[in-house]
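So the sequence shown is numbered by my numbering: it starts at 1 and just counts up by one.
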Amino acid sequence: GLPLSTLTTTWRLLDGPTTVTITTPDALTTDITFSAGGTYVFEFSADDGEYTSSDTMTVQVDGPVIPPPPLPPEEEMEIPGCLALPNYDNPTYAEGVEIMEPVELQVKANLNNTSVYYWLASDPDNTYQLLTQPGDVAVDDIVATFDPTLLANDIYVVQLVGENAAGETRACGIPFIVQGEYKPGRVVLSTVDFTVPLAGLPVTIGRTYDSLERNYEDDFGYGWSLLIGNPRLEVGESGNVTMTMPDGSRKTFMFTPTPYSPMFYGAFLEPIYSSEPGEYGTLSVESCSIVVAGGPSGWQCFLGEAKYADSITSFSYEDPYGRVFRYNVEGELQSIRDLTGNELIFSEGGINRIDENDQEEQVVTFVRNASGYIETIIDLQGNEYDYIYDSNGDLAEVHLPEIASPIEYTYYSGGVLDHL
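Okay, here's the thing in structure tokens:
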């Protein structure tokens, strides 16, 4: 009854203040070299060809901790500048380089005191993460490895910051489009707290935890978001719009401006979006209604100096069932409307419903704390659902009405959900 195939094992770093060297990552035991003190979380997985199992381990390393990195000068960043991808032939950087596997970054200049950062392109707070600090580097050195299997699918920017021989700061960056479903060690949990049974558009209030989002704050602290989810929206240099959904899937709508009127011979165009093959939903935007080609600066609004992308105020996605989801430019859900005219309006304070007779009522109330996290939800019957957070901003307890014992959550030191 034993499997016939060979047992394969793998050690990998899930979280830590910097990279480490795993001497024999495919062996049962291994030596690991640390360059800085701090808390590290490792995963050990085993695969016999039929079953896969894994466990995690937290290691506390004594020693000097990496000092807080300086803020990278994003406004001075060259793309790709002094960075290169040695394993890619003629990559296109404007829209981002698509990756599914770890990629090596090579430096093309002699620089001192270098640090490598990355951040989520759509993060309005530009939450920088330190990838590594290679120090002094020379031309053609490999300065870092960017691993997309540790990140949620989205667009990220990786930036190298260092000093040249004259002591001047130089910043070089590459945008990456992280794709793929291979995310070993990922922890995903979804749960429903309650449902408001409304005709046409019932409201389900639930939460989703994703360990790949543990460094980003949302409605329920780090890593937790409302189950209904907010996609991330990116407008590329060519005008294409990409929606990264909460489940990691991506929808790209191509910017295909069409002549506003035959009499203008194609000089004045209407901003229209086309769905990619296999996508049956449609996208529209609220923006300037006529665009013109702006040369190197991209598409421009007619009768104005604004870039077309800067004029967009909201996006509307109509799914194959005729439901219309409207989002603001940050990707936050504003409303849902069904075919019968029922509409749900979402805000920081809760959810309102507008029926086909234009009658509006608040069906769910959100009470938020000073950090913007939801601490109480009140339903139509006045029942209260309470959410308690620990000092790190992680969701620790959920108190449901008519249930005496709270739901409790604990986390590893790196912020990964341990158990409930």
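Heads up, the beta-carbon is just placed ideally off N, CA and C, and yes, glycines get one too.
Predicted, not measured: the structure shown is a model, and the values here were computed from it.
Rounded C-alpha distance that separates residue i from residue j
i    : j    : result
M254 : N112 : 41 angstroms
Y412 : G298 : 46 angstroms
G16  : E318 : 41 angstroms
L150 : E384 : 36 angstroms
A94  : Y156 : 13 angstroms
P68  : L339 : Low confidence applies to P68: its pLDDT is 49, below 50, so where it sits in the model is not reliable, and the reading given next is rough at best. Taking the straight line joining both Cα atoms gives about 52 angstroms.
Q359 : R323 : 19 angstroms
Q106 : K183 : 24 angstroms
R424 : N110 : In the structure displayed, the chain extends from 1 to 420; residue 424 sits before or after that span and is not available.
T19  : T92  : 27 angstroms
F346 : D219 : 13 angstroms
L333 : M100 : 28 angstroms
I407 : V137 : 50 angstroms
P134 : E330 : 34 angstroms
N153 : N328 : 20 angstroms
L417 : L7   : 28 angstroms
S54  : T9   : 9 angstroms
S122 : F366 : 25 angstroms
S335 : E163 : 48 angstroms
S35  : T23  : 14 angstroms
P102 : N87  : 11 angstroms
L160 : D141 : 13 angstroms
G278 : P320 : 11 angstroms
F325 : E276 : 18 angstroms
V241 : P257 : 13 angstroms
A404 : R337 : 37 angstroms
Y421 : E375 : Not covered by the structure: residue 421. The range shown for the chain is 1 to 420.
L422 : D48  : With the chain running from 1 to 420 in the structure shown, residue 422 is simply not present.
F194 : E168 : 57 angstroms
Y118 : S211 : 17 angstroms
Bridge-paired residues (DSSP) for residue i
i    : result
V161 : S115, A171
V139 : DSSP output for V139 lists no bridge partner at all.
A46  : T9, S53
Q300 : V292, K307
M243 : L233, K251
R337 : V324, E343
A84  : Q106
Q60  : T39
Sub-9 angstroms separation of residue i and residue j beta-carbons
i    : j    : result
V41  : L13  : yes
A199 : D355 : yes
R170 : E104 : no
L201 : L344 : yes
E196 : D26  : According to the sequence provided, residue 196 is Val. The question's Glu does not apply to it. No, the pair does not count as a contact, with Cβ atoms beyond the cut-off.
G239 : A309 : yes
S316 : L283 : yes
V188 : V363 : no
V97  : L131 : no
Y409 : G393 : no
G38  : Q60  : yes
T56  : E43  : yes
G185 : S45  : yes
E286 : S314 : yes
T244 : L227 : no
E213 : S371 : no
N342 : R353 : yes
Best match in the options for proximity to residue i [C-alpha to C-alpha]
i    : options                : result
W224 : T19, T10, A396         : A396
E234 : I312, G180, E163, L83  : I312
T252 : N328, Q179, S190       : Q179
D31  : G38, S45, D47, W11     : W11
E402 : R232, D386, S287       : D386
S289 : F302, V61, N369        : F302
V291 : Y280, E279, P271, G278 : P271
I388 : G281, T33, Y222, Y280  : Y222
G63  : T33, N90, D89, E50     : T33
E181 : P148, Q381, F194, D48  : P148
F146 : F176, R232, Y260, E168 : F176
G382 : Y118, V241, L400       : L400
K108 : R232, L83, V398, W119  : L83
I377 : I351, E361, D390       : I351
P259 : E50, E361, A293, P231  : A293
Whole-Å CB distance - residue i paired with residue j, under 8 angstroms assumed
i    : j    : result
V192 : G206 : 4 angstroms
N215 : T114 : In fact, because the Cβ distance is near 22 angstroms, the residues do not count as touching under 8 angstroms.
Closer than 9 angstroms to chain B by CB, residue i
i   : result
Y88 : The structure shown contains no chain B; it holds only a single protein chain.
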